[in-house]
Each structure stands twice: as structure tokens, then as C-alpha cells.
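Residue numbering for the sequence shown follows the UniProt record's numbering, starting at 1 and increasing by one per position. Virtual Cβ for every residue (Gly too), placed ideally from N, Cα, C. Note that the structure is a prediction, hence the values are computed from the model and not measured. Structure first, commentary second.
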Amino acid sequence: MFAIVLALVGSAVAEDEVRIVIDEGVDGARPIAVVPFAGSAPEDIGKIVADDLRNSGKFNPIPVTQMPQKPTSASEVNPEAWSALGIDAVVVGQVTATGSGYNISYQLVDTVGASGNAGSVLAQNSYTVTNKWLRYGAHTVSDEVFEN
1 MFAIVLALVG SAVAEDEVRI VIDEGVDGAR PIAVVPFAGS APEDIGKIVA DDLRNSGKFN
61 PIPVTQMPQK PTSASEVNPE AWSALGIDAV VVGQVTATGS GYNISYQLVD TVGASGNAGS
121 VLAQNSYTVT NKWLRYGAHT VSDEVFEN
């Protein structure tokens with residue numbers, strides 16, 4: 001009798017089927033531009049920031065080769081040139097060598113007027129880091145951009 005019950009239970013489990021159908025994709029990554037940072041450093045700060053934002057899944061940074069301009073400050077950003085490409089925001093920045101490390105500064109610029117005024121600065125900050133913490137400074141920039 002036990003063998004019959006076990007056979008029935010085994011066959012019931014073997015025939016159960018679970019199907020997961022994915023028929024729609026969602027692309028929620030927002031287009032953004034991370035312009036190469038002005039200045040010289042042993043690490044490519046702009047690339048680190050862009051890679052972090054891409055890896056978050058929330059942003060889709062455009063390739064540098066597709067950028068209509070390469071501004072280094074918010075005042076140089078032409079919002080119309082970027083919004084024509086569908087870019088909502090632009091990150092610009094500078095890296096400056098100091099005696100014991102580097103100063104990293106950035107500005108996040110609104111290109112579509114989501115803040116009420118195209119060309120306005122949504123976020124900005126500046127960090128002084130030692131050589132050892134240069135990458136950490138770049139990751140901090142991407143964290144702040146992500147949060148805005």
C-alpha cells in the first residue's frame with residue numbers, strides 16, 4: 001500500500017509544471033551624459049562615474065563620442081544640444097592636483113527644465129582626496145548623482 005501511495009505522490013509532483021512568461025521588457029534607465037572631467041589624474045574620474053551610474057541600472061550614460069560638446073563647467077553646458085539627444089542631465093567636473101592628492105569637483109546640470117529651468121545646477125560638490133582615495137572620490141560623485 002505504501003508503495004502505491006509513494007508512486008502516486010511521485011507522479012503528481014513530476015507532472016506539476018511552473019511556467020514563467022516574460023513578454024514585456026522594461027527599460028527604465030534614464031539617459032545621462034558624464035563628460036570627461038577636466039584636468040589630469042591617474043584614474044579616469046568621468047569613466048568611473050559613468051560606469052557606476054550604468055551599473056546601477058538607473059542610468060544609461062551616452063558614449064563620449066556621441067556628445068555634442070565637452071563642457072567642463074555648468075556655465076558651458078548648452079541644454080538644447082543635450083535635450084535634442086534625449087539627455088535629461090549632464091555631469092561635468094574637474095580634477096586638480098593638490099600637494100598630497102587631488103581635488104574632485106562636479107556639477108549635475110538639468111538639460112530639460114525638470115527643475116523649472118533648463119541649465120540649472122541640480123547638485124554640486126567638491127572633495128579633496130589623497131592619491132590612495134582617488135577612486136573613492138569618483139564613487140562618491142556617482143553616489144550623489146544617483147541620489148539626485
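Do the CB positions of Leu134 and Pro42 come within less than 8 Å of each other?
yes
Going straight from the alpha carbon of Asn78 to that of Thr111, what length do you get?
Roughly 8 Å separates the two Cα atoms.
Within 10 angstroms of its Cβ, does Gly28 collect 16 or more other Cβ (buried), or is it exposed?
exposed
For Thr130, tell me which candidate among Glu76, Ser75, Ser100 has the shortest Cα-Cα distance.
Ser100
Looking at Pro63 and Arg54, is the spacing between their C-beta atoms short of 8 Å?
Going by beta carbons, Arg54 and Pro63 fall outside the 8 Å limit.
Determine the direct distance from the alpha carbon of Val121 to that of Ser40, and round the result to whole angstroms.
Looking at the two C-alpha atoms, the distance is approximately 24 Å.
To which residues does DSSP link Ser126 through a beta bridge?
Ser105.
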